[in-house]
Amino acid sequence: MNDIIIAADGLSKSYDGKPALRNLRLEVPRGSICGFLGRNGAGKTTTLKLLLGMLRRDSGVIRLFGEPVDSEASSIAARRRLGFVSEDKDLYPFMTVEQTIRFTRPFFPGWRRDLEEKYLDLFQLPRKKAVPKLSKGMRTQLMLLLAMARGAELLMMDEPTSGLDPAMTEDVLQILADLAASDGTTIFFSSHQLAEVEQICDRVCIIDKGQVVVDGVLDDLKSDYRRILLVFEGTPPRELAGLPGVDHLRQRGRTASLLAHGDVDALVSRARELGPGSVEVRPVTLKELFLDHVRGE
Amino acid sequence: MLWYKAWLETRWRFVFMLGSILLLWLAPQFLPFFGFRLPPGVPASRAWLGLHLGSILLYIVVANFLAGSGVNSQTTYAATSGFHGSMLFTLSLPVSRRRLLLVRAGLGAFLTGVLVAVMAGYTLFQRPGGASAFDALEYIARAIACTMAVYALSVLLACVLDEMWQFYAATFCWIAFYLLQSRFAVLAWLSPLRGMSLISYPVTALMPWAPVVASLALAGVFLCTSALVLQRKQY
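Order-wise, the sequence lines are chains A and B. Numbering that gives the first Met the number 0 applies: residue 0 is where the first sequence begins, and numbers increase by one. Numbering that gives the first Met the number 0 applies: residue 0 is where the second sequence begins, and numbers increase by one.
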């Protein structure tokens, strides 16, 4: 059994000559909950669509469940083992909840009636109600039901909680966390909501301008990265930016703020040699990691 | 289960078109109640010809109305967010685009065929002098064959256009073709539109083989092109 569920290497895609993805490399291990973060237009949806075969890549390699996805047949085989929840959560407007389930069920040999019943009851979805009459929250729940009852090994979701109220968001996150814990389902979802990513994800992948800028286990990233605040008597020296391990440098007046990773102690020693008045080392939050990388300072 | 989706997508359209056809047929029966009568001297055959030629328009409307690609969902004549969202859901299912097209286009063609058969049959039934059962069947088959060219063009357009524009574009194409066929004899000879109307069996008592063959060939070309377009299209 392959331990990497999603593997992409050298993935590139342009629209009308404008690059949307540039040499993207991505690995999502089996059983993980991976948050896929990025600003609007960073390439998150494009990546998901490439993985699902909705778009054609310009170059690069995609492997899902350890198998190369290089033809329609291989894409169909992969899609049989995964569930997808699109950002707008729209299903067929000419079907009811029951008809949507009845339509989807036969495509997936591993469909689990017990889960179907469980989530129908849990979400209290009205079986006879037409899809257009469902609220966005209910449509999200129906999409989750369709994705989860098929016994998918991998759930790919594009902004699964967008448009949901806080209570509903919390419920959805809880269900996803339970699913990963109980069935070992791999969950890969894009989001703008850093707090929810921090809440349930064990891995994050931050994408900016079509390239992965941070990828790793969330706890490792948090322990690996540090914020170092240095206050100087005058303008902070330029050499700070060149110190080994410094990812980003922000200057405001006499204060320099470094986002650094690796051997932070060695870095602090080197920084002290530049004569700061005070030095403070702080842990970083996901928000800081995200903002420092996507703002490109 | 793709047929199930296709049926749910098209069933109200089918019922709507069937209802519209019945209404159009029934309306003339009530005209005398409101004082409308054929002017004196107009033969019944002339009135029948009007019915026959008028039903050709309905063939085209039916074909355009029931055509779909299987990827773009069709519900209302407006491109809504639901239109695009359900498209992504369809494409995430483990099924080939060719199969999506085949099932949707197949069911649409079947329903179009049923409606055309009903209309063609009624037209023959109303014809002064009647027609033999064999001739009627043969004419119905040919009317369906000619309509398939119209239908297949609409399927092709459904692969690339939102639903509203698909309908308009298909209508525009056939209006343009109608104008061109009056200028070019070859087009007129092969025209599916003329195959259904002026050179059709009820008018000429001859079976229009050239339009039938041309229509089926055109339908084949349009459907193959649709499959290629859908295969290459990015969503």
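For every residue, glycine included, the Cβ atom is placed at its ideal position computed from N, Cα and C.
Rounded to the nearest whole angstrom, the CA to CA distance from A:I61 to A:G162 is 31 Å.
Listed as beta-bridge partners of A:A259 by DSSP are A:R225, A:V245.
With respect to B:F88, A:L54 sits apart: the two C-beta atoms are not nearer than 7 Å.
An exposed status is given to A:T234, since fewer than 16 other beta-carbon atoms sit within 10 Å of its beta-carbon. Residues of the same chain with a CB within less than 7 Å of the CB of A:G276, apart from the 5 flanking positions on each side, are V230, F231, E232 in chain order. DSSP places A:F106 outside any beta strand (DSSP E), giving it a letter other than H or E.
Closest by C-alpha distance to B:M147, out of B:Y167, B:A157, B:A104, is B:A104. Assignment of A:R202 by DSSP, reduced to helix, strand and coil, places it in the strand class.
Three or more beta-carbon pairs separated by less than 8 Å are not found between the segment 178-191 of chain A and the segment 265-281 of chain A, which leaves the two stretches without contact.
A straight-line Cα-Cα distance of about 35 Å links B:A209 and B:S95. Cα atoms of A:T160 and B:V14: separation of roughly 38 Å, rounded to the nearest angstrom.
Rounded to whole angstroms, the Cβ separation of A:L175 and A:I205 is 20 Å, and the two are not in contact under 8 Å. When only Cα atoms are considered, B:K232 and B:I59 end up about 27 Å apart. Counting C-beta atoms within 10 angstroms of its own C-beta, A:Y14 has fewer than 16 neighbours from the protein chains shown and is therefore classed as exposed. For the pair A:R21 and A:Q210, the CB atoms are nearer than the 7 Å cut-off.
Going by DSSP, A:Y14 is part of the beta strand (DSSP E) stretching over 3-14. Between the alpha carbons of A:L10 and A:L133 lies a distance of about 37 Å. Neighbours of B:M0 in chain A, taken as residues whose beta carbon is under 9 Å from its own, are R101, F102, T103, R104, P105, F106 in chain order. Along the segment 81-105 of chain B, going in chain order, the ones with a CB nearer than 9 Å to a CB of chain A are G81, F82, H83, G84, S85, M86, L87, F88, T89, L90, S91, L92, P93, V94, S95, R96, R97. Contacts with chain B at 7 Å (Cβ-Cβ) include A:M94. Nothing from the segment 136-161 of chain B brings a Cβ to less than 8 Å from some Cβ of chain A.
With 16 or more other Cβ atoms inside 10 Å of its own Cβ, B:G194 counts as buried.
Within the same chain, L266, R269, A270 come within 7 Å of A:L242 by CB-CB distance, once the 5 residues on both sides are set aside. Judged by DSSP in its simplified three-state form, A:M155 adopts strand.
Three or more pairs of CB atoms, one per stretch, sit closer than 8 Å, so the segment 183-193 of chain A contacts the segment 23-35 of chain A.
Contact holds between the segment 278-288 of chain A and the segment 213-222 of chain A, because three or more Cβ pairs, one in each stretch, are under 8 Å apart.
DSSP, reduced to helix, strand and coil, places A:K17 within a strand of the structure shown.
Taking a 10 Å sphere around the C-beta of B:R141, we find 16 or more other C-beta atoms and assign the residue as buried. Per DSSP, the unbroken beta strand (DSSP E) holding A:L36 starts and ends at 32-36. Residues of chain A with a Cβ closer than 7 Å to the Cβ of B:Y3 are, in chain order, F102.
Per DSSP, the unbroken beta strand (DSSP E) holding A:P282 starts and ends at 277-282. DSSP lists A:L10 as the beta-bridge partner residues of A:L23.
For A:V84, the enclosing beta strand (DSSP E) stretches over residues 81-84. Here A:K127 is exposed, its C-beta having fewer than 16 other C-beta atoms within 10 Å.
With a beta-carbon spacing of about 4 Å, A:L25 and A:A7 fall inside the 8 Å limit used to define contacts.
Among the residues of chain A, none has a CB under 9 Å from the CB of B:Q165; the nearest is roughly 17 Å distant.
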